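Here the structure comes first, spelled out in structure tokens, and everything after it is commentary.
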Amino acid sequence: MSDRAENTLLLLPGLLLLALAFFVPIAQMLVLSVSGETGFTLEHFARFLGDPYYLNVLWRTVRLSVLITLICVAIGFPLAYIMARVGPRLRLWLIVLVILPLMTSVVVRTFGWMVLLSRSGLVPDILRDLGLAGRNFSIMQTEAAIVIGMVQVLLPFMTLSILGVVTRIDPRLEEAARTMGCSFLKSLRTVVLPLAVPGIIAGSLLVFTLSASSFVTPNLLGGARIQVLAASIYRSVTQTLDWPFAAAQAVILFVGVLLILVPYARLAGGRSNG
Amino acid sequence: MVRSISLPLRLATIVFVVLTAVFLLAPLVVVIGVSVSESQFIAFPPKDFSLRWYEAVIGSDAFVDAAWISLRVAVLVTLTSTLIGGAAAIAIHRRALPFSGALATVFLSPLVLPTIIYAIGMLMLWSAIFGPVSIVTLWISHTVITLPYVVRTTLAVLSESNPFLEEAAQTMGANRFQRLWLVVVPQCRPGLIAGAFFAFNISFDEAVLALFLRKPGLTTLPVQIYGQLEFSPDPSVAAVSTIMIALTVTLILIIDRLLGVQKFASS
Numbered sequence: 001m002s003d004r005a006e007n008t009l010l011l012l013p014g015l016l017l018l019a020l021a022f023f024v025p026i027a028q029m030l031v032l033s034v035s036g037e038t039g040f041t042l043e044h045f046a047r048f049l050g051d052p053y054y055l056n057v058l059w060r061t062v063r064l065s066v067l068i069t070l071i072c073v074a075i076g077f078p079l080a081y082i083m084a085r086v087g088p089r090l091r092l093w094l095i096v097l098v099i100l101p102l103m104t105s106v107v108v109r110t111f112g113w114m115v116l117l118s119r120s121g122l123v124p125d126i127l128r129d130l131g132l133a134g135r136n137f138s139i140m141q142t143e144a145a146i147v148i149g150m151v152q153v154l155l156p157f158m159t160l161s162i163l164g165v166v167t168r169i170d171p172r173l174e175e176a177a178r179t180m181g182c183s184f185l186k187s188l189r190t191v192v193l194p195l196a197v198p199g200i201i202a203g204s205l206l207v208f209t210l211s212a213s214s215f216v217t218p219n220l221l222g223g224a225r226i227q228v229l230a231a232s233i234y235r236s237v238t239q240t241l242d243w244p245f246a247a248a249q250a251v252i253l254f255v256g257v258l259l260i261l262v263p264y265a266r267l268a269g270g271r272s273n274g
Numbered sequence: 001m002v003r004s005i006s007l008p009l010r011l012a013t014i015v016f017v018v019l020t021a022v023f024l025l026a027p028l029v030v031v032i033g034v035s036v037s038e039s040q041f042i043a044f045p046p047k048d049f050s051l052r053w054y055e056a057v058i059g060s061d062a063f064v065d066a067a068w069i070s071l072r073v074a075v076l077v078t079l080t081s082t083l084i085g086g087a088a089a090i091a092i093h094r095r096a097l098p099f100s101g102a103l104a105t106v107f108l109s110p111l112v113l114p115t116i117i118y119a120i121g122m123l124m125l126w127s128a129i130f131g132p133v134s135i136v137t138l139w140i141s142h143t144v145i146t147l148p149y150v151v152r153t154t155l156a157v158l159s160e161s162n163p164f165l166e167e168a169a170q171t172m173g174a175n176r177f178q179r180l181w182l183v184v185v186p187q188c189r190p191g192l193i194a195g196a197f198f199a200f201n202i203s204f205d206e207a208v209l210a211l212f213l214r215k216p217g218l219t220t221l222p223v224q225i226y227g228q229l230e231f232s233p234d235p236s237v238a239a240v241s242t243i244m245i246a247l248t249v250t251l252i253l254i255i256d257r258l259l260g261v262q263k264f265a266s267s
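Here the protein sequences line up with chains A and B, keeping their order.
Each residue of the first sequence is one higher than the last, beginning at 1 in the working numbering.
Each residue of the second sequence is one higher than the last, beginning at 1 in the working numbering.
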């Protein structure tokens, strides 16, 4: 047996699996999204893009995903920076703090938020006691509930992405900035933040994609009234059984994600090269 | 570095970390709290302590069957994904085949594509060719989405390994199989272990594929929980969820023993 034969043999099971069980299903879905009763058609796309209801679903998905990504950056960057700069003992605890929720099923975590945010739950209770909310105040079945739940679900991805980059930043760079008279916050802004940009971009891509394509948390926290694109896809598959329409929506989701990812990834590539 | 900052900033840092910790852990703590309550209804904080909902779960066919299916799928997925992914990573690492660079991209691509898109494709293809979905459908599709994790962790470990050991073994007369099994695979071990844990955890907790590929009699634990949350949540859901959290904690403890959680987090 030659070297090439050995390596081919090692690679073949994985390649076959991916070809038959990953690329073929996606191709099948692409075909289905443009197939009508009499051959090729764009009617499923036209139906989606011509209906104000679905356009609203699309717009909500984009808006919420951007908001969730921004909040994750705002919490994730300082958290990752603190994790990178504390002592090893505390760092271990912080890593467990991030990994424990990450490894817990999304369904379980969403359940926790359902209990916390429900009308008689802890969060509305506290807000009422503080006088910040009226008696009938409820967060469940609102976009706010979706954002809160999704940020908790996705924050670990952002934090770990940024952490990977921040730990490689030489602390002496910050010391140098401090010696030159920078305040702590200024050294953070002018030294650490620019160097952390690749991590922030990688984390944002991940969080945005995951956010735009998730439906478990939005379905349970937002309810049927507040649909996002992925939830609408799920409904088309399981309730109306309109698979070609579901496929068309999935293609729109994928194209939408790509439209935002590609320029963003270019930006990241350009920065890390330059 | 943190020590050299002013007192108000240090206090702000502590407040920030505590608030973030509360935010990240709150849903888990609440679920555990609900599970040990005596009440008929979902209530937090619990008023009376009781393990009745755990008894209810153990006596429930729906939960026990779902747990059994989840466990079987996760074990099958862990074995196949680690085997196939590990082998592929070794071949990719050697860079001996044409298109080596592209191969890594191909193997990592399930990571980039949103699971929901893959889930629809898999459901449509499977129904068109094989008919009703089965445990095999879940096994295959979970293996596809966990494969990138195994490939990535194994490649990461291999990139730090000594490239001359294989050559040395060859010089000493080791045959092809001995080189692979006695020299390369042991070097991969930390990556394979980390990948196996990823694969098990992802498969056991996975809800998107399992929701699309469900049918009566084929319900995994996350799907069972999701269904109850949609229609009739009671504290028994919290008990099952708590068992799943306990499993996660156990996995993290084992990972820390074997590899160190810090290393795991960076891969």
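C-beta atoms are modelled at their ideal positions from N, C-alpha and C, and glycine is treated no differently.
Values in this document were obtained by computation on a predicted structure and should not be read as measured data.
{"query": "7 Å Cβ shell around residue 146 of chain B - same chain, five flanking residues per side excluded", "result": "77, 81, 198, 199, 202 and 203"}
{"query": "Residue 141 of chain B in three-state terms, based on DSSP", "result": "helix"}
{"query": "Residue 9 of chain A in three-state terms, based on DSSP", "result": "helix"}
{"query": "Selection from A:8, A:243 and A:266 that minimises the alpha carbon distance to residue 98 of chain B", "result": "A:8"}
{"query": "Below-8 Å beta-carbon distance, residue 88 of chain B vs any chain A residue", "result": "yes"}
{"query": "Neighbour flag for residue 78 of chain B against chain A, beta carbons, 8 Å", "result": "no"}
{"query": "Uninterrupted alpha helix (DSSP H) stretches inside the region 178-211 of chain B (no shorter than 4 residues)", "result": "185-205"}
{"query": "CB contact check: residue 37 of chain A to chain B, cutoff 8 Å", "result": "no"}
{"query": "Which listed residue (B:103, B:236, B:225 and B:249) has its alpha carbon closest to that of residue 106 of chain A", "result": "B:225"}
{"query": "Within chain B, the residues that residue 266 of chain A reaches when beta carbons sit closer than 8 Å", "result": "Result: empty, since nearest Cβ-Cβ is about 15 Å, beyond 8 Å."}
{"query": "Inter-residue Cα distance where the pair is residue 37 of chain B and residue 53 of chain B", "result": "8 Å"}
{"query": "For residue 215 of chain B, the residue or residues it bridges with in DSSP", "result": "B:218"}
{"query": "Minimum Cβ-Cβ distance from residue 101 of chain B to chain A less than 8 Å", "result": "no"}
{"query": "Sequence-distant residues of the same chain with beta carbon closer than 6 Å to residue 246 of chain A, five excluded per side", "result": "233, 236 and 237"}
{"query": "Local Cβ density within 10 Å of residue 149 of chain B, reported as buried at 16 or more and exposed below that", "result": "buried"}
{"query": "Alpha-carbon to alpha-carbon, residue 61 of chain A and residue 51 of chain A", "result": "16 Å"}
{"query": "Contacting positions in the region 176-191 of chain B - beta carbon closer than 7 Å to chain C", "result": "Chain labels in this structure do not include chain C; the protein chains are A and B."}
{"query": "Positions along the region 31-47 of chain B whose CB lies within less than 7 Å of some CB in chain A", "result": "31, 34, 42 and 44"}
{"query": "Reference residue 192 of chain B, options B:182, B:72 and B:151, closest by Cα", "result": "B:151"}
{"query": "Contact list for residue 13 of chain B against chain A, beta-carbon separation under 7 Å", "result": "82"}
{"query": "Chain-order list of residues whose beta-carbon lies under 7 Å from that of residue 73 of chain B (same chain, five-residue window excluded)", "result": "135, 138, 139, 142, 203 and 220"}
{"query": "Residues sharing a beta bridge with residue 40 of chain A, DSSP", "result": "A:35"}
{"query": "The region 98-111 of chain B contacting the region 161-173 of chain B, beta-carbon criterion three pairs below 8 Å", "result": "no"}
{"query": "Rounded C-alpha distance that separates residue 145 of chain A from residue 86 of chain B", "result": "41 Å"}
{"query": "Beta carbon proximity, residue 18 of chain B to chain A, threshold 8 Å", "result": "no"}
{"query": "DSSP bridge partner residues for residue 37 of chain B (one or two, in chain order)", "result": "B:49"}
{"query": "Rounded separation between residue 116 of chain A and residue 30 of chain B - CA only", "result": "7 Å"}
{"query": "Chain A contact residues for residue 124 of chain B, given Cβ-Cβ distances below 8 Å", "result": "25, 28, 29, 32, 243 and 247"}
{"query": "Proximity test, Cβ basis, 8 Å: residue 230 of chain A and chain B", "result": "yes"}
{"query": "Minimum Cβ-Cβ distance from residue 128 of chain A to chain B less than 8 Å", "result": "no"}
{"query": "Counted within 10 angstroms of its Cβ, other Cβ atoms place residue 273 of chain A as buried (16 or more) or exposed", "result": "Note on residue 273 of chain A: pLDDT 41, under 50, position unreliable in the model; the coordinate value appears next. Residue 273 of chain A should be labelled exposed."}
{"query": "Alpha-carbon spacing of residue 169 of chain A relative to residue 132 of chain A, whole angstroms", "result": "42 Å"}
{"query": "Members of the region 55-85 of chain B near chain A, C-beta cut-off 9 Å", "result": "80, 83, 84 and 85"}
{"query": "Interface flag, residue 157 of chain B vs chain A, CB-CB below 8 Å", "result": "no"}
{"query": "Spatial distance of residue 3 of chain B from residue 87 of chain A (CA atoms)", "result": "Reliability fails at residue 3 of chain B, whose pLDDT of 49 lies under 50, so the model's placement of it is uncertain and the value that follows must be treated cautiously. Taking the straight line joining both Cα atoms gives about 11 Å."}
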